[in-house]
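In the working numbering, the protein residues as written are 483 to 1086.
Just so you know, even glycine gets a beta-carbon here, dropped at the ideal spot from N, CA and C.
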RNA sequence: GACUCUGUAGCUCAACUGGAUAGAGCACCUCACUACGGAUGAGGAGGUUGAGGGUUCGAAUCCUUCCAGGGUCGCCA
């Protein structure tokens, strides 16, 4: 192995290759090196990396222990960088020479882009998230959605993908018409400016007002002897909303003007919320622009015989070959449904971005069936070569009182929750008294990073596939497995590094620093796994893997920090090593948090 | 009813995708330290991984049957 290889090739890869080579030399087994399972040695055993021998016995024709012994002896004998081995059951534990780790710490691991794949080294991916309706403010469910989509985008970027962040804004339909009707009838000309309300909350208030009026009317009709179902159809305000939608579709000038005005208020409000959340988008799609495209494609599909038109004029797709049933694509009255606009949006996107390799939809798991159907329909239309579309499905955020439903009013508002987080951060930070040298603006910045970080981390550390419980009173903590704990350790590390720099004590290179000892190795191993964590998180669209890795790494650093003086090390080489570890830790954790969309404060 | 996801410590979550004695945090108990930033560290207690059966060197993970919960099931989005 030449020096260049030694510097750049991952240690696990080297071990795999070496195992494959000796497997061939000793047992005559021809095995691809990536078929060999190498993992971190558990801390109760001696060694650094472990080769699992059970699967190799098929080739060696020996017991797992004997296989491990033979391979271990050959591998250690055949290299200068493996210095020892032991076999426990069928696990071959290999000890890597500490100098190799020291080289790695000062070399590969020290590069600014360590763990990060070069931009554009992987195909272009579009990630959709947020995608709100424009009739009410964002709530807790949107927070999980936005944080998830944004973080997955960052992770995919780190894995080398060119990522396009988008959302589809559901700006038309009966929901916004309801707010419009309520405002026309009851608004008396007031505006967000006149009431000082945030635009999305303002419009949301009229949506609630509509619902209240609607219920009252239905109750009155039922009182008069009408069946409930009929009453819900005939309530005057409901009819007004339907009329409003019809006029909108017909392009009625006044209706469209009102629609634009009210959506504009909502967008101003959303803008603020997105800014507070720290998420952004590269391109926005509006349902009002895409639903007609979808209708066109559906009608063309009928011409091409992909879809069928029924007697009543409605259009359907038959997905029974795919294990689903028939789905409606266009109503008998010619109006579009949810599916129709999604077809249009998807096709538009592939046209807008010809190089697009994949689309990821961040949408709750209650829509799994919908996306399954959508992807099959796109396939029928020729827009889904295997795996071009992926539904990043996530579980509901539940409240202690039960599942939250916006209609029942049991919602945790996104703006309120974030504001509350900032307040808690402010209270705790003020108690600690570490921010006295910062000015007011800088302090606000810290509260924001810590409060928002705590919230994001709480929502992101859980596997997206799982539903999660959110207790507003008890959920968010600043100690334990939380963002503030991780940020706090970052700040401690940075503080030391600043001091070291001031005293010109920064770690130089592997030649001037001590080799890592047993106490350092856990931290080294965790740092070493970063690239694997990123690629796994990217492959499974799971920020939770990054979050938990950040926590493990931090816990290890925190423990090390407690037991060892870094600046006060006994010898200069020892201090250089500790400083180097501290530097690697702060760099790694900052990158990890960047992937979660969480910023690091320098003080807190 | 059909399909689908989920079920791990009192609570909230992990477990490198089939690997070694299932790990953390919170809460509870004990301890450490002028502390390079205490939003700390070390330890204890807490488990039949919903239940049964199967597959194999090896199962929380795969198959199967139950049980419990969430979600979805043609003109809502």
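Counting along the chain, residue 957 sits inside no alpha helix (DSSP H), nor does DSSP assign it H or E at all. DSSP, read as helix, strand or coil, puts residue 798 in strand.
Excluding the 5 residues flanking it on each side, residue 514 has same chain C-beta neighbours closer than 8 Å at 502, in chain order. The segment 716-732 makes contact with the segment 696-706: 3 or more CB pairs, one atom from each, lie closer than 8 Å.
The shortest C-alpha to C-alpha distance from residue 1013 to any of 539, 590 and 762 is the one to 590.
Taking 8 Å as the upper bound for CB-CB distance, residue 553 and residue 505 are in contact here, some 7 Å apart. Within its own chain, the residues whose Cβ lies closer than 6 Å to the Cβ of residue 602, once the five positions on either side in sequence are excluded, are 644, listed in chain order. In the DSSP annotation of this structure, the continuous segment of the beta strand (DSSP E) that includes residue 606 starts and ends at 604-610.
In its chain, beyond the 5 residues on either side, 717, 719 and 720 have a beta carbon closer than 7 Å to the beta carbon of residue 696.
For residue 653, the CB contacts under 7 Å within the same chain, skipping 5 residues up- and downstream, are 616, 745, 768, 769 and 770 in chain order. For residue 879, the enclosing beta strand (DSSP E) stretches over residues 879-881.
Inter-segment contact for the segment 935-949 and the segment 613-633 is present: three or more beta-carbon pairs are separated by less than 8 Å. Contact annotation, residue 1077 with residue 1028: C-beta distance approximately 5 Å; criterion of less than 8 Å satisfied. Pairing residue 641 with residue 689, the inter-Cα distance amounts to about 42 Å. Secondary structure note for residue 840: its beta strand (DSSP E) is the uninterrupted segment 838-846.
With contacts defined by Cβ atoms closer than 8 Å, residue 825 and residue 859 form a contacting pair. By the CB criterion at 8 Å, residue 1071 and residue 1032 fall inside the cutoff. In this structure, residue 1075 lies away from residue 1039, with their beta-carbon atoms at least 8 Å apart.
Counting C-beta pairs closer than 8 Å gives fewer than three between the segment 660-678 and the segment 915-934, which falls short of the contact rule. Inter-residue distance for residue 775 and residue 881 is about 39 Å (C-alpha atoms, whole angstroms). Residue 872 sits in a strand when the DSSP states are folded into three classes. The continuous beta strand (DSSP E) containing residue 532 extends over residues 531-534. Annotation: the continuous beta strand (DSSP E) that includes residue 644 extends over 643-651. Counting along the chain, residue 1042 sits inside no beta strand (DSSP E); it lies in the alpha helix (DSSP H) bounded by residues 1025-1045.
Remark: C-beta atoms of residue 527 and residue 558 do not approach each other more closely than 8 Å.
Counted as a single uninterrupted DSSP element, the alpha helix (DSSP H) harbouring residue 904 occupies residues 896-914.
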